[in-house]
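The numbering of the sequence shown is the working numbering, which starts it at 232 and goes up by one.
In what follows, a single structure is set out as structure tokens and then discussed.
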Amino acid sequence: MKQAEIILVGGGGHCHSCIDVIEQQGRYRIAGIVDLPERVGQEVLGYPVIGTDDDLPRLAEEYRYFLITLGQIKSPARRMALFHRLKGLGVQLPTIVSSRAYVSHHARVGEGTIIMHGALVNAGARVGSNCIINTFCLLEHDASVGDHCHISTASVINGGTAVAEGTFVGSNTVTREGIRIGANCIVGGGVVVLQSVPNGTIYTGKK
232 MKQAEIILVG
242 GGGHCHSCID
252 VIEQQGRYRI
262 AGIVDLPERV
272 GQEVLGYPVI
282 GTDDDLPRLA
292 EEYRYFLITL
302 GQIKSPARRM
312 ALFHRLKGLG
322 VQLPTIVSSR
332 AYVSHHARVG
342 EGTIIMHGAL
352 VNAGARVGSN
362 CIINTFCLLE
372 HDASVGDHCH
382 ISTASVINGG
392 TAVAEGTFVG
402 SNTVTREGIR
412 IGANCIVGGG
422 VVVLQSVPNG
432 TIYTGKK
């Protein structure tokens with residue numbers, strides 16, 4: 232089967248991991264990467280940097296598929312802006328699932344979201360658009376993750392927990408079942424979250 236071409240937007244460290252997932256999945260051929268002006272003409276893991284954000288309208292006329300490969304820790308704002316811009320250009324943002332991940336056929340995953348190596352999305356779980364479900368995450372049954380979230384490496388979002396849009400959850404975090412983590416929160420790495428967290432909170436688990 233012929234591979235569809237895809238453009239990656241963002242050429243940093245997260246892009247490296249995304250490239251490996253896309254290569255192993257085998258459904259798309261990376262045609263190029265969009266990054267900072269000073270990096271045009273360079274390569275990222277062998278793939279050419281072919282333009283900047285200013286070139287997105289031109290590239291959208293030539294290519295159908297795009298994926299935002301910019302990372303997200305402190306704020307989702309840049310990924311959100313790129314997502315809405317690409318949607319406005321009429322391109323498609325496919326869901327990318329690693330061949331080494333498991334997503335239940337009873338789960339739902341939104342457009343532009345990437346499920347990284349070793350992640351497990353269990354039955355009844357729902358993941359929004361433009362999310363990063365990073366390496367070895369577990370989203371248990373009936374958990375939900377809103378749009379534009381990053382659930383970091385080896386985190387466990389337990390059954391029935393809701394993570395609202397724009398939230399970052401640090402590596403090795405574990406949530407209690409059935410709680411709610413609000414929108415635009417930052418949850419520190421290695422935290423056990425036992426109670427609901429209000430919108431806009433920076434939560435470290437410390438008093």
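Here a beta-carbon is modelled for each residue, glycine too, at the ideal position from N, C-alpha and C.
Does the distance from the CB of residue i to the CB of residue j come in under 8 Å?
i	j	result
CYS246	VAL275	yes
ILE388	ASN365	no
VAL423	ILE412	no
VAL252	ILE363	no
CYS416	GLU396	no
Can you tell which of the options has the C-alpha that lies nearest to the C-alpha of residue i?
i	options	result
LEU267	THR326, PRO279, ARG258	PRO279
VAL240	LYS233, ILE264, GLN255	ILE264
ILE237	ARG270, GLY419, ARG295, GLU254	ARG295
HIS372	GLY359, ILE382, GLU408	GLU408
SER375	THR384, SER360, PHE367	SER360
PHE367	GLN426, ARG331, GLY420, PRO429	ARG331
VAL358	SER306, LEU320, LEU324, VAL340	VAL340
VAL428	PRO325, VAL252, ILE410	ILE410
PHE314	VAL328, THR344, THR392	THR344
TYR333	GLY390, ASN353, GLN323, HIS379	ASN353
ALA262	ASP284, GLN234, GLY243	GLN234
LEU301	GLU342, GLY244, HIS348	GLY244
ARG316	ASP284, THR406, ILE304, SER386	ASP284
GLY391	ASP378, THR398, THR406	THR406
In three-state DSSP terms, what is residue i?
i	result
PRO480	With the chain running from 232 to 438 in the structure shown, residue 480 is simply not present.
PHE314	helix
LEU369	strand
VAL252	helix
ARG258	coil
GLY263	strand
GLU342	coil
HIS379	coil
Going by DSSP, which residues form a beta bridge with residue i?
i	result
ARG411	ALA393
LEU425	Per DSSP, none; premise fails for LEU425.
LEU351	TYR333, LEU369
ILE299	VAL240
TYR434	VAL418
VAL405	VAL387, VAL423
ILE327	ILE345
ALA308	In the DSSP output, where bridge partners are listed per residue, ALA308 has none listed.
VAL358	VAL340, VAL376
VAL400	ILE382, VAL418
ALA291	Note: ALA291 sits in no beta bridge, so no partner.
GLU274	PRO279
Measure the C-alpha to C-alpha separation of residue i and residue j and round it to an integer number of angstroms.
i	j	result
ASN430	ALA414	5 Å
GLN426	THR404	13 Å
GLU254	ALA350	17 Å
THR435	ALA291	41 Å
GLU293	ALA312	21 Å
GLY420	ILE433	11 Å
HIS337	GLU269	44 Å
GLN256	VAL322	21 Å
VAL400	ARG310	16 Å
GLY319	SER402	33 Å
GLY355	VAL418	24 Å
PRO325	LEU298	7 Å
Taking CB distances under 8 Å as the criterion, tell me whether residue i reaches chain B.
i	result
GLU269	Included in the structure is just one protein chain, with no chain B present.
Verify the contact flag: residue i, CB atom, against every heavy atom of the ligand ATP, threshold strictly below 7 Å.
i	result
ASN353	The model on display carries no ligand, and the ligand ATP is accordingly not part of it.
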